[in-house]
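Numbering (this note's numbering), first residue to last: 129 to 417.
Backbone N, C-alpha and C define an ideal beta-carbon position, used for all residues, glycine too.
These numbers were taken from a predicted model, which means no experiment stands behind them.
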Amino acid sequence: MLITFCGVRGSTPAPGAPYLRYGGNTSCVAVAHNPGEAPVLALDAGTGLANLSELLGGAAFAGTILLTHLHWDHCLGLPFFRCGDRDDARVTLLLPAQGSGPDGCGDSAPGAAESLLAQVMSPPFFPIGPGELRGAWEFGVIAPGQLKAEGFTVEAREIPHKGGRTLGYRVSDGRATLAYVTDHCPTSVGPGPDGLGAYHEAAVELARGADLLIHDAQLTAEEVPAEAAWGHAAAEYAVGLAVRARARRVALTHHKPSRTDRQLDELARRFDGAPVPVLVAAEGLTVEL
129 MLITFCGVRG STPAPGAPYL RYGGNTSCVA VAHNPGEAPV LALDAGTGLA
179 NLSELLGGAA FAGTILLTHL HWDHCLGLPF FRCGDRDDAR VTLLLPAQGS
229 GPDGCGDSAP GAAESLLAQV MSPPFFPIGP GELRGAWEFG VIAPGQLKAE
279 GFTVEAREIP HKGGRTLGYR VSDGRATLAY VTDHCPTSVG PGPDGLGAYH
329 EAAVELARGA DLLIHDAQLT AEEVPAEAAW GHAAAEYAVG LAVRARARRV
379 ALTHHKPSRT DRQLDELARR FDGAPVPVLV AAEGLTVEL
């Protein structure tokens with residue numbers, strides 16, 4: 129399994145010189161079965177989704193996009209996904225079931241997923257709706273449980289986060305396992321042993337024994353008292369979860385938009401000698417599992 133970080137920033141893009149090395153695009157991770165093969169699975173579709181087009185080298189995307197939730201920084205790359213918005217593309221887009229919508233239709237109603245996505249992508253806010261993307265697009269909703277996607281087995285678990293249902297994913301190809309837990313507010317289910325949030329069952333299940341845990345690190349431990357209520361986790365929590373769940377490596381992502389390259393370098397140094405290897409994710413970083 130080959131993992132490529134296409135976008136690692138949280139909340140809003142971060143353009144400019146202070147953010148060049150780690151990158152300023154929002155959340156997107158591309159997954160291929162093997163090195164040298166095209167990615168067939170994308171986790172989230174923030175502005176970093178444009179970098180997936182670069183990975184494909186001009187070829188059409190044929191695969192599945194799994195959204196963790198519908199906040200703007202996780203889906204606004206969709207209208208600008210060149211290799212997905214073309215006649216020869218094949219895209220399955222799956223997003224978390226949200227329950228009954230404002231029109232009274234539940235998630236099982238025909239077109240429910242497309243209607244949910246259209247709330248952030250349709251006139252007057254954007255010129256076209258999801259159904260006007262070119263190519264063969266299919267939209268669906270998923271609930272916690274197991275599904276198959278592009279030759280991967282995916283376990284989905286609900287993760288606490290503000291403003292709509294959020295899922296974390298555990299992706300396996302039978303040889304390696306990736307856990308993807310972004311936009312995670314563990315303090316909302318308890319302070320935990322160190323005040324950084326509870327190591328609750330869903331998070332531990334997703335991360336247990338994973339070859340790589342990719343986790344929300346928008347905050348630092350010092351920022352938790354003032355900012356945890358906004359819906360995010362501290363880098364120290366992510367490392368603690370990896371240790372508790374016996375994950376082999378952890379990649380910190382969803383960086384605060386104001387956190388500069390220099391500050392992310394300093395964050396990386398905090399975990400020198402940690403009991404588990406720690407990566408600070410950057411755009412273009414690849415990890416082979």
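request  = Please say whether T315 and A370 have beta carbons closer to each other than 8 Å?
outcome  = Counting from one through the sequence shown, the residue named residue 370 turns up at place 242. Counting from one through the sequence shown, the residue named residue 315 turns up at place 187. In this structure, T315 does not lie closer than 8 Å to A370 by Cβ.
key: CA nearest to the CA of L206, picked from L407, W265, A331 and G320   = The sequence position of residue 206 within the sequence shown is 78, counting from 1. Minimum Cα distance to L206 is reached at W265.
key: Rounded C-alpha distance that separates G268 from F254   = The sequence position of residue 268 within the sequence shown is 140, counting from 1. The sequence position of residue 254 within the sequence shown is 126, counting from 1. Looking at the two C-alpha atoms, the distance is approximately 21 Å.
query = Which residue from G401, D339 and L245 puts its Cα closest to that of R374?
reply = Sequence index remark: in the sequence shown, residue 374 carries index 246 (1-based). The residue with the shortest Cα to Cα distance from R374 is D339.
request  = Verify whether the separation of the beta carbon atoms of A361 and H343 is less than 8 Å.
outcome  = For the purposes of this step, residue 361 is taken as residue 233 along the sequence shown, with counting starting at 1. For the purposes of this step, residue 343 is taken as residue 215 along the sequence shown, with counting starting at 1. Yes, the pair counts as a contact, with Cβ atoms nearer than the cut-off.
ask   = E411 by DSSP, collapsed to three states: which one?
value = Taking the first residue of the sequence shown as position 1, residue 411 is located at position 283. Residue state, collapsed to three classes: coil.
inquiry  = Let's test the definition: count the other Cβ atoms within 10 Å of the Cβ of T414 and tell me whether it reaches 16, buried, or not, exposed.
reply    = Residue numbering aside, residue 414 sits at position 286 when the sequence shown is read from its first letter. The residue in question, T414, is exposed, as its Cβ has fewer than 16 Cβ neighbours within 10 Å.
inquiry  = Once DSSP output is grouped into helix, strand and coil, what is the label at G176?
reply    = As a working mapping, residue 176 is identified with position 48 in the sequence shown. In the three-state reduction of the DSSP assignment, G176 falls in the coil class.
inquiry  = In chain order, what are the residue ranges of uninterrupted alpha helix (DSSP H) at least 4 long that sit wholly in the stretch 245 to 322?
reply    = Whole alpha helix (DSSP H) segments, 4+ residues: zero.
Neighbourhood of A246 by C-beta distance below 7 Å, restricted to the same chain and skipping five residues each side = By one-based count along the sequence shown, residue 246 stands at place 118. Excluding positions up to five away in sequence, the list reads G257 and P258.
message = Among K290, E394 and A277, whose alpha-carbon lies nearest the alpha-carbon of Y297?
response = Position 169 of the sequence shown, counted from the start, is the residue given in the question as residue 297. Answer by Cα proximity: A277.
inquiry  = Please report the distance separating the alpha-carbon of G401 from that of N179.
reply    = Walking along the sequence shown from the start, residue 401 turns up at place 273. Walking along the sequence shown from the start, residue 179 turns up at place 51. The alpha-carbon of G401 is positioned some 32 Å away from that of N179.
task = Helix, strand or coil for R374, going by three-state DSSP, please let me know.
result = Translated into the one-based positions of the sequence shown, residue 374 becomes position 246. Three-state result, R374: coil.
Per-residue burial, D231 [other beta carbons within 10 Å of its own, 16 or more giving buried] = For the purposes of this step, residue 231 is taken as the residue at position 103 of the sequence shown. Because D231 carries a pLDDT of 38, less than 50, the predicted location of this residue cannot be relied on, and no value is offered for it.
request  = Work out the CA separation of H161 and C233 for me, nearest whole Å.
outcome  = Sequence index remark: in the sequence shown, residue 233 carries index 105 (1-based). Sequence index remark: in the sequence shown, residue 161 carries index 33 (1-based). Low confidence applies to C233: its pLDDT is 39, below 50, so where it sits in the model is not reliable enough to give any reading.
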